[in-house]
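Written below as structure tokens is the structure these notes are about.
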Amino acid sequence: MRLLHTSDWHLGRPLHRVSLLAEQRTFLEHLLEAVRREQAEAVVVAGDVFDRAIPSLDAIDLFKCVLEELADLRVPLVMISGNMTRHADWGSTPG
195 MRLLHTSDWH LGRPLHRVSL LAEQRTFLEH LLEAVRREQA EAVVVAGDVF
245 DRAIPSLDAI DLFKCVLEEL ADLRVPLVMI SGNMTRHADW GSTPG
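Counting from 1 along the sequence shown, just add 194 to a position and that's the residue number in our numbering.
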């Protein structure tokens, strides 16, 4: 089985109050390209998808785009929660 392992995306993290969402989107586009190129059969994310326990809606939307693309590719995502994860909210993400 071909796995693509990644971690610590910290979506929504700013740098000196400047949004990095455009750069984070570029990173995720490269990640999805690697999934296709390497024919990954699953993606494993080992924690800290978001930068804070309550992420911004823009960060959630970015993550949702990745989930939709992986679903279109029929590649499952396995996630391990990190210290920035609010466990009670994972079943109720908007959208």
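C-beta atoms are modelled at their ideal positions from N, C-alpha and C, and glycine is treated no differently.
Look up residue i in the DSSP assignment and say whether it is helix, strand or coil.
i, result
"V272", "strand"
"L225", "helix"
"V260", "helix"
"A234", "coil"
"L214", "coil"
"A247", "coil"
For residue i versus residue j, is the C-beta distance shorter than 8 Å?
i, j, result
"E232", "L198", "yes"
"T200", "V260", "no"
So, at 6 Å on beta carbons, what are the nonlocal neighbours of residue i in its own chain, with the 5 sequence-adjacent residues on each side left out?
i, result
"G206", "F244, D245, P249, S250 and A253"
"W203", "V243"
Given a threshold of 16 other Cβ atoms within 10 Å of its Cβ, counted over all protein chains shown, does residue i qualify as buried or as exposed?
i, result
"V272", "exposed"
In chain order, what residues of the same chain have a beta carbon less than 7 Å from the beta carbon of residue i, not counting five sequence neighbours either side?
i, result
"R219", "L256"
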